[in-house]
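Numbering (my numbering), first residue to last: 8 to 831.
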């Protein structure tokens, strides 16, 4: 067996060394280089999906655009660059391509950020934006597609080289799909991961260039024979097959994202299984003789397996998921993907050699088939991205099954079983068989809630549900509810809408108010209760708007404008006396841009001279590091602002509050459980007092994934523990800003008590603290106590054993908290 540095020296009839620089058999360098190429390419795909999602706030677009760009780029690169630059040695050309890929990858964060800024100034049409993102990714993906054809020039007399190189590349790709989430992102963050992965093609390119200087010449390319193309009917059939089999990745990613809570993580699992399955199926099918129409019928039947499996296994997963660690949940998602998606991808790989063998015609025919398959994949993926909000993911899955049935009938009209096989995919429409039934919040499950309405769009899934007591909820697809119609939740959310009006000051109500993000609409309804004449709400998600309508919480008389709020603010010249930012979860797609310094500055440009901007934060949604970033970014735009604590919600004000003295409508006070203006005197500290404390905190900038990276920490930290950590940090901030010795002494005593409780060993113990005279922490305690007591009341008559477990846990919170609030 030759060592890696041995070179083949067999000469052909022309006296030129053909074949390969490196000998196959496990010791060659080229296969290892191509393994790393596959690894880096798939890692880039997952990292770029995350960046596009962060920039657009649209998970569906991030997945669809990047899949389409890779599919189209690989096909276009292989087709157009195979016979270009033939005067260069294949290894040198491969090294140039890999080096260019690495350089483009290093520049990609800046490049995509510029594309996102440009998109805001282009016509507001989905197709325009999709094509722009597709073109932005094209240079790198086209170069990736050219690498395999270039390397094949090293092995002109080895027909099996194509399959072997592809298998090695696929193995690297399967590993590369998992590498970001398992290792790179938790350790390095998105920016660090992109730099590390970009070094891989740069290294591969350098090694290939160095090897090319030692390599003997290769056989000159033989001009391809006249193309013998397959019949048009078969080309159309395989194009339809490509449209269905590539676009279905988008649907499966949507379903798996509801399990693992992250769209990019779900795509990583699907891609890893997809690539491994296709490679295994292709290897299996190379030495078999199968009729493509028969395989397509089998594939159609297997295409229904992921949806049916998720629907049947959903109750089991929801039962155990709250007690599973994040990494175990990721492994569970991977196992389900292997069992449910793996069989279909295996048949997809098996199909290609069967089609090539059935068509005949040599390499030209195979190239044509691959080309129409790639084109179909691009068109199908973009079509599903545009149609899924109207069809829903279940409707999209059924449509793709029907496309495959049409493909099977074009191959062989006698394969009439394709139609009933496609319609069998509609089984997930039956009651009780829904792959979208993902809610696993233990309290929600214990309340025996049932989903009454579902809506999907590019941002995700929204659901309206009702529990056994008749309380209705709006669920945002992350397995937790956005809003509840029980009396306690309604009062607390209305206060979030009324408080900014009170803080705006003045002798009368502001005439206009702008709300950035709608959520459930309950917060904005607080302004409507105060009879503000002009209330405008900007909301990216059409499904969120429809969900609020179904829930009955859409503020009457408010103007709701769907679309990107940044686009609206960039194009609008209007000024508002009051602007309110909704509660944007840092784990939400694109949330980083809504806490970016540039975004806050843009909002400030739309305030009147004495206008007020209020940004709400939920303390249980952040960890201390993410909270420091959000506050520091706000301070960069509004250095003279103020901080208020209201329950478990933190308000950042662009200027100090001036409590208004206008007469309040009695109905607004009653429905919000307020006695008057004094209840909203909740000032915590002035932002300038935090200048030194937050000097080292990173600022969120547009396109930077600082807050998105918090998702990995948030998933590993229980919600109540995060709340306790943030309250302790807020105590230290209050001590710095109070400035009164007696209050400082009281705060120090309370902080010591809270620290002792937090160290009790219970994760939830961090939220228990002693109240003290003159502080605002009792507001937090009362809000939590009110919430938990309402939950206990709702669970009292529920016979579910799980309800008893949750009831006991809540009582464990309520008793010590009540004692702490009452004092010694």
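Built from N, CA and C at the ideal position, the CB exists for glycine as well.
Asked: Can you tell which of 349, 406 and 313 has the C-alpha that lies nearest to the C-alpha of residue 287?; Found: 349
Asked: Given this structure, state the Cα-to-Cα distance separating residue 314 from residue 433, to the nearest angstrom.; Found: 9 Å
Asked: Out of 717, 702, 728 and 649, which one is the CA nearest neighbour of residue 691?; Found: 649
Asked: Compare the Cα-Cα distances from residue 270 to each of 379, 518 and 61 and report the closest residue.; Found: 61
Asked: Name the DSSP bridge partner or partners of residue 461?; Found: 470
Asked: Under DSSP, the alpha helix (DSSP H) around residue 60 begins and ends at which residues?; Found: 36-63
Asked: Drop a sphere of 10 angstroms on the beta-carbon of residue 115, count the other beta-carbons inside from all chains shown, and report buried for 16 or more, exposed for fewer.; Found: buried
Asked: Does DSSP put residue 654 in a helix, a strand or coil?; Found: coil
Asked: What are the partner residues of residue 620, as DSSP defines its beta bridges?; Found: 586
Asked: How long is the line joining the alpha carbons of residue 581 and residue 726, rounded to whole angstroms?; Found: 39 Å
Asked: Any idea what DSSP makes of residue 298, helix, strand or coil?; Found: coil
Asked: Between the C-alpha atoms of residue 129 and residue 382, what's the straight-line distance to the nearest angstrom?; Found: 26 Å
Asked: Could you give the distance in angstroms between the alpha-carbon of residue 240 and the alpha-carbon of residue 418?; Found: 7 Å
Asked: Measure the C-alpha to C-alpha separation of residue 404 and residue 258 and round it to an integer number of angstroms.; Found: 7 Å
Asked: Between residue 568 and residue 620, which are expected to be in contact by the criterion C-beta below 8 Å, what is the C-beta distance as a whole number of angstroms?; Found: That belief does not hold up - the Cβ atoms of residue 568 and residue 620 are roughly 18 Å apart, past 8 Å.
Asked: In angstroms, rounded to a whole number, what distance separates the CA positions of residue 734 and residue 151?; Found: 49 Å
Asked: When you compare the CB positions of residue 833 and residue 478, do they come within less than 8 Å of one another, or not?; Found: The displayed coordinates of the chain run from 8 to 831. Any statement about residue 833 would go beyond what the structure contains.
Asked: Please report how far the alpha carbon of residue 516 lies from the alpha carbon of residue 536, in whole angstroms.; Found: 12 Å
Asked: Can you tell me the Cα-Cα spacing of residue 654 and residue 149, whole angstroms?; Found: 53 Å
Asked: Please state the DSSP three-state secondary structure of residue 421.; Found: coil
Asked: Measuring straight from C-alpha to C-alpha, what distance separates residue 592 and residue 462?; Found: 20 Å
Asked: Check whether the segment 187-199 and the segment 46-64 touch, using three or more Cβ-Cβ pairs below 8 Å as the test.; Found: yes
Asked: Give the range of the alpha helix (DSSP H) segment to which residue 148 is assigned.; Found: 133-159
Asked: Relative to the C-alpha of residue 639, which residue among 628, 656, 627 and 661 is closest?; Found: 661
Asked: Along the chain, where does the beta strand (DSSP E) containing residue 724 start, and where does it finish?; Found: It is not in any beta strand (DSSP E) - residue 724 carries neither H nor E in the DSSP assignment.
Asked: Specify, as a first and last residue, the run of the beta strand (DSSP E) that residue 566 falls within.; Found: 566-569
Asked: If distances are taken between C-alpha atoms only, which option among 261, 597 and 158 comes closest to residue 468?; Found: 261
Asked: Tell me whether the beta-carbon of residue 523 lies closer than 8 Å to the beta-carbon of residue 588.; Found: yes
Asked: Report all residues from its chain with a CB closer than 7 Å to the CB of residue 389; omit the five preceding and five following residues, and keep chain order.; Found: 71, 75 and 137
Asked: Mind reading off the beta-carbon distance from residue 605 to residue 708? Whole number of angstroms is fine, and I expect it under 8 Å.; Found: 7 Å
Asked: In the DSSP assignment, the beta strand (DSSP E) including residue 436 goes from what residue to what residue?; Found: Unbroken run through residue 436: none, as it is neither H nor E.
Asked: With distances taken from CA atoms, which of 420, 457, 455 and 401 is nearest residue 431?; Found: 401
Asked: With distance defined between alpha-carbon atoms, name the residue in 112, 107 and 95 nearest to residue 55.; Found: 112
Asked: Report the rounded CA-to-CA distance for residue 834 versus residue 78, giving the unit in angstroms.; Found: Nothing about residue 834 can be reported from this structure: the residues present for the chain run from 8 to 831 only.
Asked: Counting pairs of beta carbons, one from the segment 91-105 and one from the segment 207-215, are three or more of them closer than 8 Å?; Found: yes
Asked: Taking residue 339 as the reference, give the member of 510, 323 and 206 with the closest Cα.; Found: 323
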